[in-house]
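Each residue of the sequence shown is one higher than the one before, counting from 1 in the numbering used here.
The beta-carbon is built from N, C-alpha and C at its ideal position, and this holds for glycine as well.
All values derive from a computational prediction rather than experimental measurement.
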Amino acid sequence: MKKVMAIINIDKMNATKKALLDANITSMTASGKVFGRGKGLWEAKILEGVKNNQPEALEHLGKEPRLRAQRVLEIVVNDSFVQPAVDAIIEANQDAPHGCGKIFVMPIMDVIQVRTGVTGSKAVD
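Here's what the structure looks like:
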């Protein structure tokens with residue numbers, strides 16, 4: 001079993017949920033709005049607007065530190081669903097030259113379903 005954790009742009013949540021459902025991945029946990037940044041790259045149009053004091057660009061860029069609103073998804077899947085989950089997340093989010101997010105894949109030692117006590121991969125199915 002693995003946990004697929006993805007940090008995605010907040011406006012891609014619905015597309016990501018649909019892509020995961022299309023890949024038969026129905027369970028996930030999504031954190032509320034989180035803020036983060038990668039290498040600090042911003043679209044040239046926005047930076048040009050900031051340089052020219054355009055209010056829309058300044059509003060979009062925000063105050064220091066310049067962090068983007070993002071969403072964190074955590075999906076625990078059996079090993080056979082790791083690659084479909086990763087592919088679905090990439091498909092739904094890979095549409096910009098930079099700033100599309102990150103995906104982390106981590107091992108899970110065990111899963112216990114609270115209501116039934118079922119453990120292991122059966123608790124994930």
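message: Quick check on residue 13: does DSSP put it in helix, strand or coil?
response: The answer is helix: DSSP assigns residue 13 an H, G or I state.
- request: Count the other CB atoms, across all protein chains shown, that sit within 10 Å of the CB of residue 85; report buried if there are 16 or more and exposed otherwise.
  value: Classification of residue 85: buried, given that the 10 Å Cβ count is 16 or more.
task: Determine the DSSP secondary structure at residue 19, reduced to helix, strand or coil.
output: Collapsing the DSSP output to three states places residue 19 in a helix.
field: Buried versus exposed call for residue 71 [16 or more other C-beta atoms within 10 Å across all chains shown]
entry: Classification of residue 71: buried, given that the 10 Å Cβ count is 16 or more.
task: May I ask you to report which of helix, strand or coil DSSP gives residue 83?
output: The answer is helix: DSSP assigns residue 83 an H, G or I state.
query: Leaving out the 5 sequence neighbours to the left and right, which residues in its chain are closer than 6 Å to residue 19 when beta-carbon positions are compared?
result: Around residue 19: 88, 91, 92.
field: Per DSSP, cross-strand counterpart(s) of residue 55
entry: The partner list for residue 55 (beta bridge, DSSP) is empty, contrary to what the question assumes.
task: Excluding the 5 residues preceding and the 5 following residue 73 in the sequence, name in chain order all residues of the same chain whose CB lies nearer than 6 Å to its CB.
output: Here the set comprises 6, 28, 30.
field: Nearest-angstrom Cβ-Cβ length linking residue 33 and residue 8, presumed shorter than 8 Å
entry: Incorrect: roughly 12 Å between the Cβ atoms, too far for contact.
- prompt: By the 10 Å Cβ neighbour count, where 16 or more other Cβ atoms means buried, how is residue 81 classified, buried or exposed?
  reply: Buried.
task: Tell me where the beta strand (DSSP E) around residue 105 begins and ends.
output: Its beta strand (DSSP E) spans residues 102 to 107.
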